[in-house]
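Numbering (my numbering), first residue to last: 1473 to 1709. A virtual CB, placed ideally from N, CA and C, is assigned to each residue, including glycine. Because the structure is a prediction, the values reported are computed rather than measured. A short write-up of the structure that comes next.
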Amino acid sequence: MKAITLGSAVGRVSYPGSGVIAGKSADGQSAILAYFIMGRSPITKNRLIVEDGGGVRIVPHIKEAMRNESLLVYSPVIAFENKVLIGNGLQTEYLYEAMLAGKSMEEAVAVFGYTPDAPNFTPRITALASMDGESFKLKISIVKSMDHVGAGTGRFIFDYDNIPNGTGYYMHTYACDANPLPAYTGEPIQVSVNGSIFDIVADIWENLNAENKVSLWVRMIDLKSHKGMSRIINKNR
């Protein structure tokens, strides 16, 4: 598989929904992690990403204008031990608790179905980045409806190690902007990642659809010290 540029990947469809990006910096010294959310309606656009301990949380921008909070407000990033979980819904918190109890990601993912938001049946996408010493491993899962009525469920996990320098993997929830929204298909997109955290933030944010983008979080973690630097952009601020 040939990598494409990060900017062209995130800009290839106008409404990818939410997206997870994870990979290794061009110099091989850092892990790069990112998560973004988008919106088409006033309610889905009424959100912010904010710092929450070692992770981040999605909160309403205007509390009084929010509905469907159980689907739209959650913790998409949770850092624990030498790991970072990134996901587009409440499954992230469940996976965190399950892995603390000794379960594998595969065991934890098996419990969840897709999001119950018919007729879209939004897929649940989750990434697990693990850093042990200077090694960096990555798993990305997607749980989605396998038909247009939500009768069948598919669970897929992609497992990466020995990730090449300057390479990342990108998965988003929707294949394109339509009604209902079709689920993402295939394996994660291999992307090239280059430059500083500021370059990566700009590459993602400037290429996301201007009308639909809502919030972006990016973290770069040094693989020797495991110290990280994060940046957040919110359209509503």
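Please name the residue, chosen from the options, that lies closest to residue i on a Cα-to-Cα basis.
i, options, result
"Tyr1546", "Val1621, Arg1596, Glu1578", "Arg1596"
"Phe1630", "Glu1565, Glu1606, Asp1604, Thr1657", "Thr1657"
"Ile1718", "Asn1554, Ile1672, Leu1562, Pro1514", "What is shown of the chain runs 1473 to 1709, which leaves residue 1718 out entirely."
"Ala1537", "Lys1517, Asp1524, Ala1551, Ile1550", "Lys1517"
"Thr1564", "Glu1578, Glu1579, Met1571, Pro1548", "Pro1548"
"Ser1607", "Asn1679, Lys1496, Tyr1566, Asp1649", "Lys1496"
"Ser1542", "Glu1553, Leu1505, Asp1589", "Asp1589"
"Ile1509", "Thr1645, Ser1613, Leu1600", "Thr1645"
"Tyr1566", "Tyr1641, Val1621, Thr1598", "Thr1598"
"Ile1612", "Val1621, Tyr1642, Pro1591, Thr1587", "Tyr1642"
"Asn1554", "Ser1480, Gln1501, Ser1697, Ala1506", "Ser1697"
"Ser1702", "Thr1587, Tyr1568, Leu1505", "Leu1505"
Rounded to a whole number of angstroms, what is the C-alpha to C-alpha distance between residue i and residue j?
i, j, result
"Leu1695", "Gly1527", "18 Å"
"Ser1602", "Ala1623", "33 Å"
"Met1577", "Arg1512", "31 Å"
"Lys1616", "Ser1687", "23 Å"
"Asp1604", "Gly1559", "21 Å"
"Ala1682", "Tyr1487", "10 Å"
"Val1583", "Asp1619", "19 Å"
"Asn1651", "Val1556", "33 Å"
"Asn1684", "Arg1484", "13 Å"
"Ile1635", "Tyr1507", "19 Å"
"Ile1550", "Val1621", "32 Å"
Once you ignore the five residues that flank residue i on each side, which residues in its own chain have a CB closer than 7 Å to its CB?
i, result
"Asp1499", "Asn1637"
"Ala1475", "Thr1639, Gln1662, Val1663, Ser1664"
"Ala1539", "Residue identity differs from the one stated: residue 1539 is Arg in this sequence, not Ala. Hits under 7 Å: Ile1515."
"Pro1532", "Asn1518, Arg1519, Met1538, Val1545"
"Gly1585", "Val1615, Thr1625"
When burial is assigned at 16 or more other CB atoms within 10 Å of the CB, is residue i buried or exposed?
i, result
"Val1665", "buried"
"Pro1660", "buried"
"Phe1593", "buried"
"Gly1491", "buried"
"Gly1489", "buried"
"Phe1670", "exposed"
"Arg1709", "exposed"
"Val1673", "buried"
"Gly1457", "Any question about residue 1457 goes unanswered here, given that the chain covers just 1473 to 1709."
"Leu1572", "exposed"
Take residue i and list the residues in its own chain whose beta-carbon comes closer than 6 Å to its own, dropping the five residues that flank it on each side.
i, result
"Ile1704", "Ile1521, Trp1689"
"Val1482", "Ile1676, Asn1679, Leu1680"
"Leu1478", "Val1663, Val1665, Asp1675"
"Ala1570", "Ala1580"
"Pro1654", "Ala1647"
"Tyr1632", "Leu1610"
Spatial neighbours of residue i within its chain, please: CB distance less than 8 Å, with the 5 preceding and 5 following residues excluded, ordered by chain position.
i, result
"Lys1699", "Ile1693"
"Ser1419", "With the chain covering 1473 to 1709 only, the question about residue 1419 has no answer from this structure."
"Lys1707", "Lys1517, Lys1685, Val1686, Ser1687"
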